[in-house]
Each structure stands twice: as C-alpha cells, then as structure tokens.
Amino acid sequence: MWLFILFVANTIRTDLFGRTATASELNDAPGPNWAKPAKKRRRRKDLTRLAVIAGRRTGTEVPLDGEITIGRSADCVLDIDDDYASGHHAQLWQDSAGRWVVTDLQSTNGTYVNGAKIAEPTLVGPNDVIRIGRSQLKLER
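Heads up: the sequence shown begins at 1 in UniProt numbering, then just goes up one per residue.
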C-alpha cells in the first residue's frame, strides 16, 4: 500500500512541477525553430497596443513598447487579475526583425496562441489570440 501511495505522490509531483532535466539533456535539446527573418520594412499601420478582449480586465490596453510581462503580480506590465494565471505567466517582446513574440514563463496552466499550447517562443500578429487563464489578449493597431 505504501508503494502505491508513493507512486501516486510522485505522479502528482511530476504533473505539477515537471521532470528535472540533466545538463546533458539541456545541451542536446534543439533550440527554437526560428524562421529566416524577412527584410524589415515599414508598414502603414504598425501594431501599437496589446488589448484584453476577454476576462476580468476586458478593455484594458497596454502600449507595445519594450518587453511586456503578463500575469497576476502587481509588478507585471499587464496585471490580468485571473485566478488561472501565474504571478509572472508570459512575456511579450519584439525580436530583432520587429516581430512580436510571446513566451510562456513556465506557468502552471500554460499559454495558448489560437487555442494551441505553446512550448517555445511563438510569433504573434494582429490576427492571433493569446489566452492566459480565462483572459484573451490581442495585438491591435
């Protein structure tokens, strides 16, 4: 019976916190699969803000300038006040080609782009919906 209890406890721990990777596994892991950067060109209407389109903070907008940390913590640039979000849940930043990228910050419930859970930095644009907990966010012009 004790073996069964230890097995269940270990399974729950692994589900909540994940498996610890060894240094050799981290060195052998592939990096993000970045597409070749396109030539930077000035668009007529650049993206200017991140808007909350669903959730407790619907209507909240944050200007797109620099890195934007999203989560429940008061020190986040966008505090989404969502019970299913981590304190520092995700980060939105601009790459060297001027494209916006969202990264999950090892959150408990994950970050989703267009309904798919992301595991690595993911490009986002004006037609993409970012979901964090019950909140939905969108880049707007």
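Note that the Cβ used here is the ideal one computed from N, Cα and C, for glycine as well.
Note that the structure is a prediction, hence the values are computed from the model and not measured.
- In this structure the region 113 to 128 does not touch the region 69 to 82; the number of beta carbon pairs closer than 8 Å is below three.
- DSSP, read as helix, strand or coil, puts L137 in strand.
- Taking H89 as the centre and dropping the five residues before and after it, the same chain places the C-beta of I70, G71, L105, S107, T111 and I132 closer than 7 Å to its C-beta, in chain order.
- For L47, the closest C-alpha among the options D65, T58 and L16 is that of D65.
- In the DSSP assignment, Q91 forms a beta bridge with T69 and T103.
- A straight line joining the alpha-carbon of G59 with that of A51 spans about 7 Å.
- For T111, the enclosing beta strand (DSSP E) has its first and last residue at T111 to V113.
- Distance between E61 and T14, taken at the CA atoms: about 37 Å.
- Counting only the Cα atoms, P121 lies some 39 Å from L3.
- The DSSP-derived three-state label of V77 is coil.
- By the criterion of a C-beta distance shorter than 8 Å, W100 is surrounded in its chain by L47, L64, L92, W93, Q94, L123, V124, G125 and L139, once the five residues flanking it on both sides are discounted.
- DSSP links L123 through a beta bridge to V101.
- In this chain, I118 is not harboured by any beta strand (DSSP E), its DSSP state being neither H nor E.
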